[in-house]
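The block underneath contains the structure these notes are about, expressed in structure tokens.
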Amino acid sequence: MKKKQFLAVLLSATMVFSVGAPVYAADKDITVFEASEELVGAREASGDIAMEFYTAGDFVLTGDSYIAWSPGVNWGTTVTMDLAGHTLDCRNNSIGTQDRATLKIYDSVGGGKVINLGGFQTQGSGSVTIYGGTYDADITEYVDENAKIKKNSDGTITVGNAGTNPKPTNAPTSGPEPTGTPTKTPTKAPTTAPVPVGNGVASIGTKEYASLQDAVNAAKDGEEVLVTRNVDLSKEGLIVDEGKAVVLNTNGFTVEAANTAIGQITVNGTLTIRDGKGSGSISYTGSNGKSSFGMVEVADGGKLILESGAKIDAAEGGFNVVPVLLDANATFVSEDDAEVTAVASAVKAFDSVAEDSKAGPVEITINGGKFVSTGADALEVGRNLIGGSTVEINGGEFIGFSHAVEMADGTMTINDGTFAYTGEYNSFVQLKGEDSHLFVNGGTFVDGPESIEDNIYVLYDEDSTVAVSAGTFALEVPEEQLAEGAACEENEDGTWTVTGGTVVKPTVKPTVKPTVKPTETPATPTPKPATPTPEPTIVVEPTKAPSDLTASFYGLNLSLEGKIGAYVYFRVPAELAEDEGAYAIIEMEDDKAEKVLLDENTKVSEDSKGVVYGFAKNVTAAQTNNEINVKLYTSDDEAVTLLQNKKKLEDGYTFSVAGVAATYQNSSVYTAKTKDLAKAIKNYGIYAQKLMDYKTDGYTPDDKLSDVTLSSLKSYAPKTSGSVKGVKYVGNNLSLKSETELFVYFQLSKDVDNYTFTIDGEEVEAVDTGDGIYAVRLGNIAAQKLSEIKEFAVTDGNSTFTAKLGALSWSYSTISNKASKTESVNMAKMVYRYSQKADAYFKS
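So this is what it looks like as structure tokens:
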């Protein structure tokens, strides 16, 4: 069915470059677009070609063209453009690439030009490589290293191999490496024989070798390769073949490596790293490589052992530089006096739930060493579709920013070690993924910020288990996390020690201690939820004289049901309860007044003192600080006098959702997860106000969100598959204007009646937004549903295209887009935080 609906379609002229497609906005709705469908084979393009950059694959210009806005190549995709002798006028717009995205520019004919270019903008490991064409901007840093550069008298720059490269219909022969599952590249044969003493960079016994690769190739099983001078591997890398076991002694020297396919150390066999002098290292060098490559990457079936003195240092690298990266079925062992340092996670098992990725079960044994991350986790074991990772920690020091250690899809056993983290609002250990288990038989978990909220945080998995039998902790270990027979006691210094436990894998899901039953004081009752407030009607406040009846304010509750709101309760006398037609008027700033009856739908409880009624008021994100006023009336429109602590309220009872949330946050009655959610609701509202520029004066969030980064959200990047002729996915839009809604947009070249649209298999309507773009809406997304991934599908009866994404896909897109405003980035982070805390609350 075709349904026409007016939506304002605005193109932001101030954007540096768009994420995935032009931004579509309606009022203050939060909007961003993401990745398009990947196409195979070259496409022909001319005119306004901006949309071509959002479609993975190759395209060739068939005439002079232009771009009307600043486009960008989407995360993880590769786009190849062939100028084919034509001119591309950028109209002072820039062209961007997101993290792990690649743009390649050729000119297969010669004479092609790119004019009025506003520059290239790359995010993370995104890259641009130019092989041909003439440019009126300085693009030399993006030119392929094998291409010639000619500076012309008019100031333009011509890339010299124009006309010699293959057309994009054939795969380019150079450029950035692919990011998929790595092939176990066979090691090259030695280029030289052993060199004379003193001329080599490494030795085996008395023989010296001209390159480290030559020495590794020549080493017999278990032999030691001794580094004899500083070595730069960033342009050539090092490969340890499958079936080979070799020891690399850095011997006090520096071996430089990069996190690129060319410049990394790839371990297909077994590599042991040690340093006999204690001052050598494998250190990061060069520009940021792709985050899907590690400096030292242990491939499928490979094994890395760090022995005394081994040091892998990426402290000067960025968030994309992972010193040790483990692919599926890799093994990692660390002994005493080893050290790994990074801004990113120091040791990381590849994280992905995509099919055919490098992620899979790994085996990690850490007997000692020091692991430091100043921006992520000291040890991060990522998710995978297979599960079954095993980690055993018998000692060592782990210092992370987000967490000391993070475990997903497997079992981690901690027998000893020291664990610390430096970022606010995090935890020593995070357990996530499917069917993950943590056993703590010892260790120290004390050194963390004052804002510490959990020793061990279990994220979004009902099947995960924690059993703590021994150890010292900053906070009291919850009863449900203690192993059988274990007891947790407070020490004189304020820390807590667990003793006496026997580690037994739980056979039932842990239970959470029930919330303390509230008393009759404000902000305490936990009655049954009232029926949702009916559709508001415009009412006029009665003007008749007040009645002789009085009612008492009874309490407030947050609406912890997935929506943002609160319940307010009053105890009324039996006479008012028996008055059929008695009602409440609920008014809020910038909203219509609501009339709600005192009837069985709003009745909560009854005792000798009277009858308690509860009224629900849900608000939008930006309305959490709005004042809400409630007054009671008889069926004859006579005002009922309201009392609070026996004092008369002159103008009804007034409250705000944010005020109720603050009460929860600061109360000792509620569980930690309840208080976390209350805090998130309060900050969620403030960030929404700032985004929408709505009553921002006087409100400051107390969560700075410094720990929420792009890596926190990478699993929510939209994923597409299949194809339907005439259908393109052009993005998504999260709206918080009224309820929380996710819009997914498709561009159609045929009439909409030719297609069927579904969400998780349920047929839905597509709304015409103009310009051939149709929106599919997922509405009324509750807090505990924000992290869900839905499958949006389009079919023409013969083939099907699917896009898997959810509300947090918008957060990922916004944070990854350098053009996003600060208010939008903060809101994106807060949506993620709100989702985290809601998941933790509802799953407890």
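According to mature numbering (1 follows the signal peptide of the UniProt record, and there is no 0), the sequence shown holds residues -25 to -1, 1 to 819 in order. Idealized CB from N, CA, C, for every residue including glycine.
For residue i, which three-state DSSP category applies?
i    : result
V443 : strand
A768 : strand
G176 : This sequence places Val at residue 176; Gly is not what is there. If DSSP states are grouped into helix, strand and coil, V176 belongs with coil.
V800 : helix
W471 : strand
Q759 : helix
I661 : helix
D189 : helix
T30  : coil
R249 : strand
Q722 : strand
V806 : helix
T386 : strand
Q96  : strand
N707 : strand
V727 : helix
Q598 : helix
K345 : strand
Quick one, are the C-beta atoms of residue i and residue j less than 8 Å apart?
i           : j    : result
I339        : G371 : no
S762        : A614 : no
residue 824 : G108 : No information on residue 824 is available, as it lies outside the stretch -25 to 819 that the chain covers here.
A526        : N532 : no
residue 864 : L301 : Residue numbering for the chain in the displayed model covers -25 to 819; residue 864 lies beyond these limits and cannot be assessed.
I105        : V134 : yes
I603        : T577 : no
A757        : A750 : no
R18         : F28  : no
W471        : L457 : no
K694        : Y787 : no
R249        : S283 : yes
V299        : V271 : yes
D422        : V380 : no
I240        : L281 : no
K88         : T55  : no
E798        : K665 : yes
N784        : N708 : It should be noted that the sequence gives Ser, not Asn, for residue 784. Cβ distance not < 8 Å, so S784 and N708 don't count as in contact.
I389        : V415 : yes
F294        : G350 : yes
Is it buried or exposed, residue i, if we count other Cβ atoms within 10 angstroms and call 16 or more buried?
i           : result
E569        : buried
residue 824 : Coverage of the chain is limited to positions -25 through 819, which leaves residue 824 absent and any answer about it impossible.
T247        : buried
N792        : buried
A794        : buried
E116        : exposed
A633        : buried
A549        : exposed
E564        : exposed
T477        : exposed
N192        : buried
E9          : Residue confidence is low: E9 scores 31 on pLDDT, short of 50, so the model does not pin down where it sits. No coordinate-derived value is stated.
T37         : exposed
D611        : exposed
T474        : exposed
D113        : exposed
M802        : buried
N466        : exposed
Fill in: Secondary structure, beta strand (DSSP E): runs of 3+ residues fully inside the segment 261 to 332
Here the runs fully enclosed are 269 to 273, 278 to 281, 286 to 289, 297 to 301, 306 to 309, 314 to 317 and 322 to 324.
Item to complete: Count the CB pairs spanning the segment 216 to 231 and the segment 194 to 203 that are closer than 8 Å, and state whether there are at least three.
Response: Yes: the two stretches touch, three or more of their Cβ pairs being nearer than 8 Å.
Worksheet item: Taking one C-beta from the segment 388 to 404 and one from the segment 770 to 780 each time, how about it: are there three or more such pairs within less than 8 Å?
Response: Fewer than three pairs of CB atoms, one per stretch, sit closer than 8 Å, so the segment 388 to 404 makes no contact with the segment 770 to 780.
Discussion item. For the segment 586 to 593 against the segment 635 to 649, do three or more pairs of beta-carbon atoms, one drawn from each stretch, fall closer than 8 Å, so that the two count as touching?
Written reply: With a cut-off of 8 Å, the segment 635 to 649 and the segment 586 to 593 do not count as touching, because too few Cβ pairs lie within range.
Worksheet item: Is there contact here, the segment 807 to 814 with the segment 655 to 672, by at least three beta-carbon pairs under 8 Å?
Response: Touching, yes.
Discussion item. Can you confirm whether the segment 700 to 713 touches the segment 90 to 100 when touching is taken to mean that 3 or more C-beta pairs between the two stretches lie within less than 8 Å?
Written reply: Segments in contact, no.
Discussion item. Would you call the segment 126 to 133 in contact with the segment 711 to 723, where contact means no fewer than 3 C-beta pairs closer than 8 Å?
Written reply: Result no; under three Cβ-Cβ pairs closer than 8 Å.
Discussion item. So within the segment 529 to 586, which uninterrupted beta strand (DSSP E) runs reach at least 3 residues, ignoring any that extend past its ends?
Written reply: Counting only runs that start and end inside the segment 529 to 586, the beta strand (DSSP E) elements of at least 3 residues fall at 540 to 547, 558 to 563, 569 to 572 and 578 to 582.
Worksheet item: Where in the segment 393 to 426 do unbroken runs of the beta strand (DSSP E), each at least 3 residues long, occur, reported from the N-terminal end onward?
Response: Taking only runs of at least 3 residues, the beta strand (DSSP E) segments lying wholly in the segment 393 to 426 are 393 to 396, 402 to 407 and 412 to 415.
Worksheet item: Counting only runs that start and end within the segment 665 to 710, where is the beta strand (DSSP E) found for 3 or more residues in a row?
Response: DSSP runs (the beta strand (DSSP E)) wholly in the segment 665 to 710: 694 to 697 and 702 to 710.
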